[in-house]
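Okay, so here's the structure we're looking at.
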Amino acid sequence: MSKKAAKGLVKQSFLKRQLRPLLLLLILAMCVTTLSVLGSRMAREITSLQSAPLDNIQWNLAQLEIEYLSLLNSINTAQDRAGPDASVLSELRKRFDIFYSRIDTLQTGRPFRQIENDDTAKRLLIKVRSSLIEELPVIDGDDADLYGSLAGLEEDFLLLRPDVRSLSLRAVKIFAESSDRQRANFSLLLQQTAVVGVLLVLALLVAVTVLVRQFQVAERRALEASRSSSRFVSTVNASLDAIILADAKGTVIDFSPAAETIFGYTRNRSLGSNMAELIIPPNLRDAHAAGMRRFLETGEKKIIDAGRVEVTAMRSNGATFPVELSIGMTMEPEGPIFIAYVRDISERKRNQQELMSARDEALAADKAKSQFLAMMSHEMRTPLNGVLATLDLLQSSALDGRQEDYVRTAIASGEILQQHLDDVLDITSIEAGAMEFRYNYFSLDDLLEEVRSLNERTAAEQNDVIVLDIADDLSNIYSDRHRLRQILLNLVGNAVKFTQGGTITVTARSISSTYHNRIVELTVSDTGIGIKQEDIERIFDEFVTLDSSYRRKTQGYGLGLAICRRISEGLGGHIGIESTPGAGSTFTVTIPIAATSQMGAESDAETAENKDVDNLKVLLVEDNETNRFVAVELLQAEGCDVDVAINGIEGVEKSQNGDFDLILMDISMPLMDGIEATHVIRKGGGKSATTPIIGLTAHALPHELESLTQAGMQDCLIKPLRKRNLQKMLRSFRQSRESEAVSETPRTAVIDRSVMDELAELLPAEKLKQRMDDFLNELSESEELLQAHFEHGRLPELAALAHRCAGSAATFGATELANAMRGVQTAAQEDRIAELGDAMRGVGAIAGRTRKALERYKSGACDTKSG
Numbered sequence: 003m004s005k006k007a008a009k010g011l012v013k014q015s016f017l018k019r020q021l022r023p024l025l026l027l028l029i030l031a032m033c034v035t036t037l038s039v040l041g042s043r044m045a046r047e048i049t050s051l052q053s054a055p056l057d058n059i060q061w062n063l064a065q066l067e068i069e070y071l072s073l074l075n076s077i078n079t080a081q082d083r084a085g086p087d088a089s090v091l092s093e094l095r096k097r098f099d100i101f102y103s104r105i106d107t108l109q110t111g112r113p114f115r116q117i118e119n120d121d122t123a124k125r126l127l128i129k130v131r132s133s134l135i136e137e138l139p140v141i142d143g144d145d146a147d148l149y150g151s152l153a154g155l156e157e158d159f160l161l162l163r164p165d166v167r168s169l170s171l172r173a174v175k176i177f178a179e180s181s182d183r184q185r186a187n188f189s190l191l192l193q194q195t196a197v198v199g200v201l202l203v204l205a206l207l208v209a210v211t212v213l214v215r216q217f218q219v220a221e222r223r224a225l226e227a228s229r230s231s232s233r234f235v236s237t238v239n240a241s242l243d244a245i246i247l248a249d250a251k252g253t254v255i256d257f258s259p260a261a262e263t264i265f266g267y268t269r270n271r272s273l274g275s276n277m278a279e280l281i282i283p284p285n286l287r288d289a290h291a292a293g294m295r296r297f298l299e300t301g302e303k304k305i306i307d308a309g310r311v312e313v314t315a316m317r318s319n320g321a322t323f324p325v326e327l328s329i330g331m332t333m334e335p336e337g338p339i340f341i342a343y344v345r346d347i348s349e350r351k352r353n354q355q356e357l358m359s360a361r362d363e364a365l366a367a368d369k370a371k372s373q374f375l376a377m378m379s380h381e382m383r384t385p386l387n388g389v390l391a392t393l394d395l396l397q398s399s400a401l402d403g404r405q406e407d408y409v410r411t412a413i414a415s416g417e418i419l420q421q422h423l424d425d426v427l428d429i430t431s432i433e434a435g436a437m438e439f440r441y442n443y444f445s446l447d448d449l450l451e452e453v454r455s456l457n458e459r460t461a462a463e464q465n466d467v468i469v470l471d472i473a474d475d476l477s478n479i480y481s482d483r484h485r486l487r488q489i490l491l492n493l494v495g496n497a498v499k500f501t502q503g504g505t506i507t508v509t510a511r512s513i514s515s516t517y518h519n520r521i522v523e524l525t526v527s528d529t530g531i532g533i534k535q536e537d538i539e540r541i542f543d544e545f546v547t548l549d550s551s552y553r554r555k556t557q558g559y560g561l562g563l564a565i566c567r568r569i570s571e572g573l574g575g576h577i578g579i580e581s582t583p584g585a586g587s588t589f590t591v592t593i594p595i596a597a598t599s600q601m602g603a604e605s606d607a608e609t610a611e612n613k614d615v616d617n618l619k620v621l622l623v624e625d626n627e628t629n630r631f632v633a634v635e636l637l638q639a640e641g642c643d644v645d646v647a648i649n650g651i652e653g654v655e656k657s658q659n660g661d662f663d664l665i666l667m668d669i670s671m672p673l674m675d676g677i678e679a680t681h682v683i684r685k686g687g688g689k690s691a692t693t694p695i696i697g698l699t700a701h702a703l704p705h706e707l708e709s710l711t712q713a714g715m716q717d718c719l720i721k722p723l724r725k726r727n728l729q730k731m732l733r734s735f736r737q738s739r740e741s742e743a744v745s746e747t748p749r750t751a752v753i754d755r756s757v758m759d760e761l762a763e764l765l766p767a768e769k770l771k772q773r774m775d776d777f778l779n780e781l782s783e784s785e786e787l788l789q790a791h792f793e794h795g796r797l798p799e800l801a802a803l804a805h806r807c808a809g810s811a812a813t814f815g816a817t818e819l820a821n822a823m824r825g826v827q828t829a830a831q832e833d834r835i836a837e838l839g840d841a842m843r844g845v846g847a848i849a850g851r852t853r854k855a856l857e858r859y860k861s862g863a864c865d866t867k868s869g
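Numbering follows the working numbering, with no gaps: position 626 of the sequence shown is 628.
Right, here's the structure in full:
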């Protein structure tokens, strides 16, 4: 539920609680009002009944007919007299007046207005009254005339008798009905009053019930509020953070115990004081006052409700310290109340500073370690380079059988020493997350034979026998030969060290396969002392060595198995062990590789005569005398014409004045190192400004090798400089020159089908298609990015991207595109803008041809293969 919805529900609940008593009060008010109205009406009815007007009306109506008869009787009495008798006639006039007044009262009196609403009674009343008015002249005349008219009067009044009778009866009926209605209304009024009274009593009962319940709720809430207040006070008192309440003027209205502890003021001293003067340093008070004014005038918040912010506060003794501040606000009738939560973070800051110092020291130590390893690598590889290279030269000379054994033993020992150096550097690479793998075709038979040869002398000393068992279908494979060699040397070396008078068996088997893919299992078994079960889990950790009965004869640093595990995982496989103490151990390495027979070209190339590189003019830039001697001897043995420079400055001078085919550049030199010398050569415009430069370095970390490429070097050789590595580099250089020579006459083939055929043999059809699609998509994106780098003059980024594109193109045999990208890379690295523009203009067309060629190959060879 959202915060807004929750607030809405709370508001609805509050409104319901408020409306209930209001609704009850409204009902009570309505009942009381209705009862008051009914009571008033009842009082009026009772008053009306108490005045008895109906009795008077009934009497008047009865008197009407009596007065009429009295009038007739007076006329008869007057007629009985012999002549006009004044007293009798006066009585007659009196009876007429009384009867007339009765009729007039019926017509004009307020109690008789109901007669006016009855048509029959009204008609009879008008008729009688009209007749009486007609007789007025006679009645008001003198006695003689009246006496003479008595007979006529009697006759006229006798004619009115039915009307008077009917009027009297009709009036009685009307007033009887009115009396019935009045009684019925009074009865209804009594009933209504009783109902309202009952409702009022019920409402009062409900009100009393609600009030009792409200009282109970209020009492319970008061208790809860008291408890909550007590808990809140306890929480505030127990809080390690200071809690300060202040009004809009900055006056402190509450000060928690933690605030007393942090700031050094008592609560009594703080209450009523200005907060700024208490806890804000003098240099920050103006800013605080300005912020308060801004908020009160505009409502703009910066710190209020902004979460936790770090500021500086002041203690009672004037000392400043860092705090973490959070300010909330609540509105009250008097204005806003600010609640500040203040946490003293002095200790945290000290801890952070100590942590940062410890981190800096750790980084410095790590950097020192890396620098030490790099330095030791260089310093140890330099003499090792001289030893191994001299032994290579000595091995090439005329030796008798015994001398050849000596040289082989010396070379084997030197290579073991080199392996230890590589192990140390590999750990550094692993910690940096930069272990590199380089895949190529090689003979597994030769590799295993080489491993056995390197360990044979030690095995003989231990009276051990090394046996190789290699499956026929794994003679030639595609993987990282150097890394597999490291694994096998470590495993076989360990087996030899911990076995006396036993057998070490190295087995290579293919345990599963798909189309030209293999899961290969390499096992190294021995009949040595074995490993305890509790030690098996930790033998693959760095710097772990185990006690054994041969401990004083088997010294080590505990790196070999850890590196084996990392390499196995890096190759996509894993390493495991089974061991029985006293019976021996079996290490099993399972890795995916590609088995192929297409090694003829490479094998032939490796055994080719060195005459292919005759007459190469090489500049060697090397400051170490031993390394210079060895390198010169090796190069001259390969038929090269060598010129020597002893530092970077001399190397730059010779490259500017001489036209060399190849430059071998040491990296670590005094005065000017190899990277700086390469920059100067590339930008100097000398005769050898575009000559390929190969770096010579003992620093084998990948990020360092990348820096050499960025500097403008085409490749590098890792010391110690070995004959076979030098031969491989020179052979690659020769092939590159031949490719360039061919490209000057007919145009280079868009793609090298032999490379694509190798990939087609190595990968399943679907995976090959996917990889080609990925490359084509990458090519499209790279074209746009290359153009953007070129247009904005971002030459380092342009060179790096061209380098990556060249590598990707070479992987898929796109030789024309790879050469074009290398041209872009070189021109960008050497700031040759005009040449770079030409190279960039050619890349688009070449990329288009490459895309079409790969699409044709994909639709042809891949479809054929998948079919």
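All residues carry an ideal CB built from backbone N, CA and C; glycine is no exception.
Pull up the CB-CB distance for residue i and residue j, whole angstroms please, since I reckon it's below 8 Å.
| i | j | result |
| --- | --- | --- |
| Ile569 | Gln488 | 6 Å |
| Asp165 | Lys129 | 6 Å |
| Ala292 | Leu30 | At roughly 56 Å, the Cβ-Cβ gap does not stay under 8 Å, so Ala292 and Leu30 are not in contact. |
| Asp307 | Phe323 | 24 Å between Cβ atoms; not a contact. |
| Ile77 | Leu94 | 6 Å |
| Asp471 | Val526 | Between Val526 and Asp471 the Cβ distance is about 11 Å, and since that is not below 8 Å, they are no contact. |
| Leu423 | Val453 | About 18 Å; that fails the 8 Å criterion. |
| Ala679 | Val654 | 5 Å |
| Leu449 | Leu486 | 6 Å |
When the cut-off is 7 Å and only beta carbons count, does residue i lie next to chain B?
| i | result |
| --- | --- |
| Asp448 | In the structure shown, chain B cannot be found, because there is only a single protein chain. |
Counting only the same chain and skipping the five closest in sequence on each side, list residues whose C-beta sits under 6 Å from that of residue i.
| i | result |
| --- | --- |
| Arg317 | Phe265, Gly266 |
| Ser275 | Val254 |
| Ala178 | none |
| Pro594 | Ile521, Gly574 |
| Ala743 | In this prediction, Ala743 has a pLDDT of 42, which is less than 50 and means its spatial position is unreliable; what the coordinates show is noted afterwards. Same-chain partners within the cutoff: there are none. |
| Gly688 | Ser657, Gln658 |
| Ile753 | Gly815, Ala816, Ala855 |
| Gln557 | Summary for Gln557: the model assigns pLDDT 45, below 50, so the residue's position carries little reliability; its value from the coordinates is reported in the next sentence. Nothing listed; no residue qualifies. |
What residues in its chain sit with their C-beta under 7 Å from that of residue i, if we drop five residues either side in the sequence?
| i | result |
| --- | --- |
| Leu386 | Gly416, Leu419, Gln420, Pro722 |
| Arg684 | Ala691, Gly714, Gln831, Glu832 |
| Asn465 | Gln502, Gly503 |
| Asn632 | Note that residue 632 corresponds to Val in the displayed sequence, not to Asn. Cβ neighbours of Val632 beyond the five flanking positions: Asn387, Gly388, Ala391, Thr392, Leu723. |
| Thr122 | Arg172 |
| Thr102 | Per the sequence shown, residue 102 should be read as Tyr rather than Thr. Closer than 7 Å at the Cβ level, and outside the excluded window around Tyr102, lie Leu134. |
| Glu137 | Leu155, Asp158 |
| Phe735 | Leu664, Pro694 |
Across which residues does DSSP place residue i in a beta bridge pair?
| i | result |
| --- | --- |
| Ile282 | For Ile282, which the question treats as bridged, DSSP gives no partner whatsoever. |
| Arg345 | Glu326 |
| Phe542 | BP columns for Phe542 are empty, so no partner. |
| Tyr443 | Tyr480 |
| Pro1 | Nothing in the structure corresponds to residue 1, since the chain is present only between 3 and 869. |
| Gly697 | Met667, Cys718 |
| Lys619 | Asp643 |
| Arg511 | Glu523 |
Beta-carbon within less than 8 Å of residue i's beta-carbon, same chain only, minus the 5 sequence neighbours each way: which residues are those?
| i | result |
| --- | --- |
| Ala412 | Val389, Leu393 |
| Leu160 | Leu74 |
> Counting pairs of beta carbons, one from the segment 618-625 and one from the segment 664-676, are three or more of them closer than 8 Å?
Replying inline: Judged by Cβ distances under 8 Å, the segment 618-625 makes contact with the segment 664-676, as three or more pairs qualify.
> Can you give, in chain order, each stretch of the beta strand (DSSP E) that sits fully within the segment 190-255 and has at least 3 residues?
Replying inline: DSSP runs (the beta strand (DSSP E)) wholly in the segment 190-255: 244-249.
>> If contact is defined by three or more beta carbon pairs under 8 Å, each pair taking one atom from either stretch, is the segment 135-147 in contact with the segment 72-83?
In response: Touching, no, given that fewer than three Cβ pairs across the two stretches are closer than 8 Å.
>> Counting beta carbon pairs with one atom in the segment 227-238 and one in the segment 208-215, are three or more of them shorter than 8 Å?
In response: The segment 208-215 and the segment 227-238 do not touch, with fewer than 3 CB-CB distances between them shorter than 8 Å.
> For the 8 Å Cβ check, are there 3 or more pairs between the segment 190-206 and the segment 30-43?
Replying inline: Touching, per the Cβ criterion.
>> So, does the segment 335-343 touch the segment 244-259, judging by three or more C-beta pairs under 8 Å?
In response: Using a Cβ-Cβ distance cut-off of 8 Å, the segment 335-343 and the segment 244-259 are in contact, since at least three pairs of beta carbons, one from each stretch, lie closer than that value.
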